[in-house]
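Quick notes on the structure that follows.
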Amino acid sequence: MKLISIIFSVLLHLLFIAVLFQILSSHKIIQSKPKVYTVELLKMESKPKPKTQPQPRKQKTVLKKTIKVNFNKPKPKKQKTIKLPEKPRKSKKEIKKVRVKKKVTKKLVKKIKKKPNIEEKIRLMKEKIMVEQLREKLLKEKIKMLKEKVYSQEEAQKIFKQKLASSYLSVIEGVIYKNWGVEKTIIENKVFITKVDIKLDSKGNLINISIMKSSGNAYFDGTCIDAIKQSAPFLPPPKEILTGGVVEFIITFDSREQE
Numbered sequence: 020m021k022l023i024s025i026i027f028s029v030l031l032h033l034l035f036i037a038v039l040f041q042i043l044s045s046h047k048i049i050q051s052k053p054k055v056y057t058v059e060l061l062k063m064e065s066k067p068k069p070k071t072q073p074q075p076r077k078q079k080t081v082l083k084k085t086i087k088v089n090f091n092k093p094k095p096k097k098q099k100t101i102k103l104p105e106k107p108r109k110s111k112k113e114i115k116k117v118r119v120k121k122k123v124t125k126k127l128v129k130k131i132k133k134k135p136n137i138e139e140k141i142r143l144m145k146e147k148i149m150v151e152q153l154r155e156k157l158l159k160e161k162i163k164m165l166k167e168k169v170y171s172q173e174e175a176q177k178i179f180k181q182k183l184a185s186s187y188l189s190v191i192e193g194v195i196y197k198n199w200g201v202e203k204t205i206i207e208n209k210v211f212i213t214k215v216d217i218k219l220d221s222k223g224n225l226i227n228i229s230i231m232k233s234s235g236n237a238y239f240d241g242t243c244i245d246a247i248k249q250s251a252p253f254l255p256p257p258k259e260i261l262t263g264g265v266v267e268f269i270i271t272f273d274s275r276e277q278e
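Listed below in structure tokens is the structure:
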């Protein structure tokens with residue numbers, strides 16, 4: 020009995036195993052494979068794009084300095100000598116003539132400079148005539164005084180010299196005052212007086228000029244000096260009033276005379 024029970028249990032186990040095998044075989048676990056899709060790509064015919072010409076690039080100007088190094092010493096270039104045409108030499112006679120001409124021209128220029136104008140000549144002639152007339156008049160007065168024995172000969176001569184000097188001075192002052200001018204806007208209504216000392220030689224040339232008394236105004240003093248210089252040379256003074264070949268006067272300038 021035990022054997023039968025053992026066999027029966029074995030058979031049952033085998034049957035159970037067989038059933039399980041069938042179940043498992045019908046329901047097999049299928050391993051899932053990844054799906055692979057095959058896709059055919061259609062080639063699209065693309066229209067050809069218009070070819071654009073590439074714009075020319077602006078080339079940058081690059082200054083390249085090329086330095087050449089000559090290891091060999093440069094040969095010195097021969098300098099061309101230009102021969103100038105020789106000037107014809109002047110003879111000694113021609114040189115002397117040129118020197119003489121230059122001297123003559125210099126003398127002529129000096130003479131022209133020294134020669135006064137026609138107007139100055141006329142003025143000097145008039146002044147000379149005036150002084151001579153005064154001189155004759157004073158001589159007559161001197162002779163009259165000597166005849167009447169009013170004064171001695173020395174006193175009469177002294178008076179004659181004084182009057183002749185004053186008459187000559189009045190002539191000179193007339194010439195100077197004509198050339199004297201002052202701007203009223205500068206001096207305004209102020210009073211200025213300047214005294215100037217002048218020395219003349221026997222020919223009437225101005226030897227020396229100096230201010231004896233200044234007005235205190237440099238402009239006014241300057242106009243006085245300019246007027247005297249512009250009026251020179253003066254009429255030759257009479258011989259009677261000369262002392263050592265020179266005569267000296269003091270000329271007074273008053274701003275009120277310009278009004």
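Going from the sequence shown to the working numbering is simple: count from 1 and add 19.
Cβ atoms here follow ideal geometry from the backbone N, Cα and C, with glycine treated the same way.
| Check | Outcome |
| --- | --- |
| In three-state DSSP terms, what is S233? | coil |
| Distance, Cα to Cα, K203 vs F239? | 11 Å |
| When the Cα atoms are used, what is the spatial distance from K161 to L219? | 26 Å |
| Three or more C-beta pairs closer than 8 Å, one from the segment 257-267 and one from the segment 204-214: is that the case here? | no |
| Using beta-carbon positions only, say whether L254 and L143 come within less than 8 Å of one another. | yes |
| Would you kindly work out how many angstroms separate the C-alpha atoms of N227 and A251, rounded to a whole number? | 11 Å |
| Within the continuous beta strand (DSSP E) that includes F272, where are the two ends? | 265-273 |
| Can you pull the DSSP bridge partners for L219? | L225, V266 |
| What does the Cβ neighbour count give for I25, buried or exposed, with the cut at 16 atoms within 10 Å? | exposed |
| How many Å lie between L183 and E167 at the Cα? | 21 Å |
| Only counting the same chain, and skipping five residues up and downstream in sequence, which positions put a Cβ closer than 6 Å to that of W199? | A246 |
| Please go through the same chain and pick out, in chain order, the residues whose beta-carbon is closer than 7 Å to the beta-carbon of K133, but skip the five residues on each side of it. | Annotation note: pLDDT 49 at K133 (below 50); position unreliable, coordinate value reported separately. Here the set comprises nothing. |
| Since Y196 and P256 should fall inside the 8 Å C-beta cutoff, what is the C-beta to C-beta distance between them, to a whole number of angstroms? | Wrong, their Cβ atoms sit about 18 Å apart, outside the cutoff. |
| Flag this pair as yes or no: are the beta carbons of N236 and I270 separated by less than 8 Å? | no |
| Going by the beta-carbon positions, is the gap between V201 and Q277 smaller than 8 Å? | yes |
| How many whole angstroms separate the CB atoms of S221 and L158, which I take to be in contact at a CB cut-off of 8 Å? | The Cβ separation is near 20 Å, so there is no contact. |
| Return no unless some Cβ of chain B is closer than 8 Å to the Cβ of P256. | Going by chain labels, chain B is absent from the structure shown, which holds only one protein chain. |
| Which residues in the same chain as L30 place their Cβ atom closer than 7 Å to its Cβ, once the five residues preceding and following it in sequence are excluded? | none |
| In this structure, does DSSP put K248 in helix, strand or coil? | helix |
| Between the alpha carbons of E155 and M231, how many angstroms are there, rounded? | 33 Å |
| E146 and V210: beta carbons closer than 8 Å? | no |
| Give the single residue among C243, I42, H32, K180 whose Cα lies nearest to the Cα of V150. | K180 |
| For a test of the three-state rule: what should DSSP assign to K209, helix, strand or coil? | coil |
| Work out the CA separation of G223 and E138 for me, nearest whole Å. | 17 Å |
| On a Cα-Cα basis, can you pick out the residue from S44, F35, S234 that is closest to R275? | S234 |
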